[in-house]
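In what follows, a single structure is set out as structure tokens and then discussed.
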Amino acid sequence: MAVTNPIINKKLMSNTLKETADKLKMAPATANLLGLLADNGRLKNLDTVINAYKTIMAAHRGEVVCEVVTAKPLDSSQSKQLESALRSFLKGNQQLKITSRVDPSIIGGLIVSIGDKYVDMSIASKVKLYTDVITSSA
Numbered sequence: 000m001a002v003t004n005p006i007i008n009k010k011l012m013s014n015t016l017k018e019t020a021d022k023l024k025m026a027p028a029t030a031n032l033l034g035l036l037a038d039n040g041r042l043k044n045l046d047t048v049i050n051a052y053k054t055i056m057a058a059h060r061g062e063v064v065c066e067v068v069t070a071k072p073l074d075s076s077q078s079k080q081l082e083s084a085l086r087s088f089l090k091g092n093q094q095l096k097i098t099s100r101v102d103p104s105i106i107g108g109l110i111v112s113i114g115d116k117y118v119d120m121s122i123a124s125k126v127k128l129y130t131d132v133i134t135s136s137a
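In structure tokens, the structure reads:
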């Protein structure tokens, strides 16, 4: 990607990004951020900066991000029950934002990440636990 190419002059990259941001009518703060990242050779970290910003804004809006991983897709009834159970962990005016992902390698059960909490109730983790116990005692 050209913007992360170390051969390109940082000042030239910064000016080009600022001009492009102006043409695209980006907010001045966004244009300045892009220029600052270019000046300091940090454009390769743009994805990290964007994700951090999204996290901060979600927290500011009272959104609690929850990721649910299952071995197979949940049906409507299961999704509603899970959402109801997850909402019980929220406080006051917090809003739940659930993303679901299917990963057959967990065999069964589910893995839930909500806020800073992580709960692995997958069959794969139980199998690994029992395998470790058996091999360590042998």
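Here the sequence shown stands for residues 0 to 137, where the numbers follow numbering that gives the first Met the number 0.
All residues carry an ideal CB built from backbone N, CA and C; glycine is no exception.
Alpha-carbon spacing of Ser78 relative to Leu85, whole angstroms:
10 Å
Judging by CA-CA distance, which residue of Ser75, Glu62, Thr134 is the nearest neighbour of Asp115?
Glu62
Less than 9 Å between the C-beta atoms of Lys96 and Ala57, yes or no?
yes
Segment limits, beta strand (DSSP E) that includes Ile97
94-101
Answer with buried or exposed for Ala37, where buried requires no fewer than 16 other C-beta atoms within 10 angstroms of its C-beta.
buried
What is the DSSP secondary structure of Lys127, reduced to helix, strand or coil?
helix
Taking 9 Å as the cut-off, decide whether the C-beta atoms of Tyr117 and Ile110 are in contact.
yes
Which term fits Leu35, buried or exposed, when burial requires 16 or more other beta carbons within 10 angstroms of its beta carbon?
exposed
On the CB-based measure, 16 or more other CB atoms within 10 Å of its CB, does Ser121 come out buried or exposed?
buried
What does DSSP give as the partner residues of Asp119 in its beta bridges?
Ile110
State yes or no: is the C-beta of Lys90 within less than 9 Å of the C-beta of Gly108?
no
If distances are taken between C-alpha atoms only, which option among Cys65, Lys53, Val101, Gln80 comes closest to Lys71?
Val101
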